[in-house]
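Heads up: the structure comes next, in structure tokens.
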Amino acid sequence: QQQNQQQQQQQQQQQQRQQSPPTQLSMNFFKELLGGAFENDPTISKEDRVKGQLEGPNSKSQEERRREQVVLTEVQRAWRERQAGSPVVVPDRLVGTVWSIDLYLAGVPNKDPSNDLFASRTNISTRDRQSNLDLPAEPTVSSLMVEFLENRQCRVGASPLTTGRVLGEWRVSDDGATVRFSMDTLGYSRTVQTTGSIANVFWTDEPEKSVQTSTSYSIPPGMIYGDVPIGYGTQPGTVQAQSDGILRVEQRMGLLGAASKLVPCGKFTATQQFSSSSSSSSSPNENNGRAI
Numbered sequence: 005q006q007q008n009q010q011q012q013q014q015q016q017q018q019q020q021r022q023q024s025p026p027t028q029l030s031m032n033f034f035k036e037l038l039g040g041a042f043e044n045d046p047t048i049s050k051e052d053r054v055k056g057q058l059e060g061p062n063s064k065s066q067e068e069r070r071r072e073q074v075v076l077t078e079v080q081r082a083w084r085e086r087q088a089g090s091p092v093v094v095p096d097r098l099v100g101t102v103w104s105i106d107l108y109l110a111g112v113p114n115k116d117p118s119n120d121l122f123a124s125r126t127n128i129s130t131r132d133r134q135s136n137l138d139l140p141a142e143p144t145v146s147s148l149m150v151e152f153l154e155n156r157q158c159r160v161g162a163s164p165l166t167t168g169r170v171l172g173e174w175r176v177s178d179d180g181a182t183v184r185f186s187m188d189t190l191g192y193s194r195t196v197q198t199t200g201s202i203a204n205v206f207w208t209d210e211p212e213k214s215v216q217t218s219t220s221y222s223i224p225p226g227m228i229y230g231d232v233p234i235g236y237g238t239q240p241g242t243v244q245a246q247s248d249g250i251l252r253v254e255q256r257m258g259l260l261g262a263a264s265k266l267v268p269c270g271k272f273t274a275t276q277q278f279s280s281s282s283s284s285s286s287s288p289n290e291n292n293g294r295a296i
């Protein structure tokens with residue numbers, strides 16, 4: 005009887021082993037454990053998943069947060085309205101236009117200004133904040149004519165700075181807010197002389213030494229580039245400069261001049277010149293163009 009009972013137990017164990025599926029060995033147990041801990045409950049609806057499981061009963065939803073608007077000042081509100089209402093300038097509108105430009109040249113220092121003790125003095129109140137340059141009060145070159153031609157080329161008149169023989173190029177930015185043009189120059193240089201005295205720190209019988217040195221600011225011959233923000237004018241179909249433009253020159257850096265960057269070297273004001281036909285249609289008291 006005991007042998008029969010043992011045989012029956014063995015048969016039952018074999019049947020249970022055959023019915024139970026084989027267990028799989030988990031190679032990334034810790035990873036699977038963490039992954040399962042942060043899984044979403046499949047019984048939760050999509051709306052409840054968007055709301056989030058960590059939000060309290062009084063927390064605001066994303067839609068309510070979007071509806072809340074930050075209180076804007078009058079200046080910020082006016083700026084947003086101008087940005088939203090200002091149309092994009094089409095590049096074809098600039099073809100055939102003529103601009104009168106006044107150049108205020110400062111040049112690029114030949115020495116590092118942070119290490120030059122004898123550089124030109126800069127008044128913070130009169131320094132230009134946009135270009136960070138000490139600009140002259142009067143224009144260096146006045147009434148320089150620039151004409152925007154087809155095929156993205158521009159003709160610059162002859163002046164003490166420009167040659168007038170080489171055509172430049174012009175491009176409008178992707179957002180239609182800025183135009184950049186290039187012009188061939190003969191170069192520009194100015195020298196700032198500084199005279200000072202060095203006092204003796206330690207006791208000595210030697211008199212004070214006077215030192216006289218100079219720092220030069222120059223623009224090498226070649227192309228310089230002008231960037232100016234543009235927009236539509238008061239007259240239909242006209243384009244005008246929105247503010248002053250910045251002059252930049254390409255400066256080589258690194259080993260053998262492998263790298264380059266555009267460095268500010270001055271500013272300019274631009275005024276569009278209209279033809280006699282367009283000026284006759286306007287009132288006689290209005291000026292041709294708008295000086296910025």
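Following my numbering from start to finish, the sequence shown increments by one per residue and tops out at 296. Positions of the beta carbon are idealized from the N, C-alpha and C atoms, including for glycine. Bear in mind the structure is a predicted one, so any value in this text is a computation, not a measurement.
(request) Using alpha carbons as the reference points, say which of 82, 150, 220, 159 lies closest to residue 269. (result) 220
(request) Just mark residue 256 as buried or exposed, buried being the case when its beta carbon has 16 or more other beta carbons within 10 Å. (result) exposed
(request) Consult DSSP for residue 173 and reduce its assignment to one of helix, strand or coil. (result) strand
(message) Considering only DSSP beta bridges, list what residue 268 is partnered with.
(response) 252
(request) Return helix, strand or coil for residue 96, following the three-state DSSP convention. (result) helix
(request) Can you have a look at residue 7 and say buried or exposed, based on whether 16 or more other CB atoms are within 10 angstroms of its CB? (result) Counting Cβ neighbours within 10 Å, residue 7 comes out exposed, since fewer than 16 surround it.
(request) Could you work out which residue in 229, 274, 145, 97 is closest to residue 164 when comparing CA atoms only? (result) 145
(request) Please list, in chain order, all residues of the same chain as residue 140 whose beta carbon is under 8 Å from its beta carbon, the five residues on each side excluded. (result) 108, 109, 110
(request) List the endpoints of the continuous beta strand (DSSP E) containing residue 157. (result) 157-160
(message) Let me confirm a value: residue 98 is counted as buried when at least 16 other C-beta atoms fall within 10 Å, else exposed. Which label applies?
(response) buried
(request) Express the C-alpha separation of residue 194 and residue 283 in angstroms, rounding to a whole number. (result) Interpretation of residue 283 is limited by its pLDDT of 41, a score under 50 that renders its predicted location unreliable; the figure taken from the coordinates is listed afterwards. Across the structure, residue 283 and residue 194 are spaced so that their CA atoms are roughly 40 Å apart.
(request) Please classify residue 79: is it buried, with 16 or more other beta-carbons within 10 angstroms of its beta-carbon, or exposed? (result) exposed
(request) Would you kindly work out how many angstroms separate the C-alpha atoms of residue 100 and residue 159, rounded to a whole number? (result) 10 Å
(request) Assign residue 271 to buried or exposed, taking buried as 16 or more other Cβ atoms, counted over all protein chains shown, within 10 Å of its Cβ. (result) buried
(request) Below 8 Å on the Cβ atoms is my guess for residue 232 versus residue 166; work out the distance and round it to an integer in Å. (result) At roughly 17 Å, the Cβ-Cβ gap does not stay under 8 Å, so residue 232 and residue 166 are not in contact.
(request) From the DSSP output, read off the bridge partner residues of residue 258. (result) Partner(s): none; residue 258 has no beta bridge.
(message) Could you compute how far the alpha carbon of residue 188 sits from the alpha carbon of residue 81?
(response) 42 Å
(message) Restricting to Cα atoms, I'd like to know which of 138, 155, 92, 91 is closest to residue 113.
(response) The shortest Cα separation from residue 113 among 138, 155, 92, 91 belongs to 138.
(request) Answer with buried or exposed for residue 169, where buried requires no fewer than 16 other C-beta atoms within 10 angstroms of its C-beta. (result) exposed
(request) Counting only the same chain and skipping the five closest in sequence on each side, list residues whose C-beta sits under 6 Å from that of residue 32. (result) With a pLDDT of only 46 at residue 32, under the threshold of 50, the placement of this residue in the model should not be trusted; the figure read from the coordinates follows. Closer than 6 Å at Cβ, skipping near neighbours: no residue.
(request) Let me know the secondary structure DSSP gives residue 137 once reduced to three states. (result) Residue 137 carries a coil assignment under DSSP once its states are collapsed to helix, strand and coil.
(request) Find the nearest neighbour of residue 105 within the set 277, 9, 278, 273, judged by alpha-carbon distance. (result) 273
(request) Pick helix, strand or coil for residue 247, following the three-state DSSP scheme. (result) DSSP places residue 247 in coil when its eight states are reduced to three.
(message) At the level of alpha carbons, what is the spacing between residue 285 and residue 96?
(response) Its pLDDT being 40, under 50, residue 285 is placed unreliably in this model, and the value from its coordinates should be taken loosely. Between residue 285 and residue 96, the C-alpha separation is close to 22 Å.
(request) Identify the continuous beta strand (DSSP E) that holds residue 185 and give its terminal residues. (result) That run of the beta strand (DSSP E) goes 182-189.
(message) Buried or exposed for residue 243, going by 16 or more other Cβ atoms inside 10 Å?
(response) buried
(message) Using 8 Å for Cβ pairs, my map puts residue 237 next to residue 249. What's the rounded Cβ distance?
(response) About 16 Å; that fails the 8 Å criterion.
(request) Return the CA-CA distance between residue 253 and residue 266, expressed in angstroms with no decimal places. (result) 5 Å
(request) To the nearest angstrom, report how far apart residue 259 and residue 277 are at their CA atoms. (result) Linking residue 259 to residue 277 through their CA atoms gives a straight-line distance of about 45 Å.
(message) Using the three-state DSSP reduction, which class does residue 142 fall into: helix, strand or coil?
(response) coil
(message) Just to check my reading of the structure: residue 179 and residue 102 have Cβ atoms closer than 8 Å, yes? What is that Cβ distance to the nearest angstrom?
(response) That belief does not hold up - the Cβ atoms of residue 179 and residue 102 are roughly 24 Å apart, past 8 Å.
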